[in-house]
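Read through the structure below, which is laid out as structure tokens, and then see the notes.
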Amino acid sequence: SEMAQNAVRLNYGMQVIVKLLHPPSRWPLVKAVIGLIRNLALCQANHAPLRENGAIHHLVRLLMRAFQDTQRQRSSVASSGSQAPTAYADGVRMEEIVEGTVGALHILARESHNRSIIRQQMVIPIFVQLLFNEIENIQRVAAGVLCELATDKEGAEMIEQEGATAPLTELLHSR
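In the UniProt record's numbering, the protein residues as written are 1 to 175.
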């Protein structure tokens, strides 16, 4: 896997991969590319090329869109009293996009410059809200990215301002 991670970078594949997150890519492709970016980020040498090609910005944009879609779906289900609070697009559950983007950002947040960019994207409030998601894997990736962001003083302060210290501590001790 390390050979493949390096080969993508050395053959200038990052730019092509990040571009696949742009419209008109459809959700099944976007979901696969998010997973690919997460896997590429497991190799630390890929953090800077992913950042330089705008991966963090695009992951945050997709997270915000998918998160809003899931919130909208929840509120319409709550008001109509119907079942199945799941938002789909092109057969992809938006919760999967939320989980994938947060998971990729969690891995990218292992690097200090990336943490700074993630903090600037003002996405910490979404990560905090995801701590209360009914899907355990989403809670887990949200806790993971918040823990990475908390390694910097600025990140820890932002997380504290969102009131996430207690729920984060509780989640970390519960599993």
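Note that the Cβ used here is the ideal one computed from N, Cα and C, for glycine as well.
query = Taking Cβ positions only, does Ala66 come closer than 7 Å to chain D?
reply = Within the model displayed, chain D is absent; a lone protein chain is all it includes.
ask   = Ala143 by DSSP, collapsed to three states: which one?
value = For Ala143, the three-state secondary structure derived from DSSP is helix.
key: Assigned secondary structure, Arg93 (DSSP; H/G/I helix, E/B strand, else coil)   = strand
query = Nearest-angstrom Cα distance between Ile118 and Ser76?
reply = 30 Å
task = Ignore the nearest five residues each way along the sequence and tell me which others in Val92's own chain have a CB closer than 7 Å to its CB.
result = Trp27, Pro28, Lys31
At least three beta-carbon pairs within less than 8 Å, the segment 125–143 to the segment 90–106 = In the pairwise beta carbon analysis, the segment 125–143 is classified as touching the segment 90–106: at least three pairs are separated by under 8 Å.
ask   = So who's on the other strand from Tyr88, going by DSSP bridges?
value = In the DSSP assignment, Tyr88 is bridged to Arg93.
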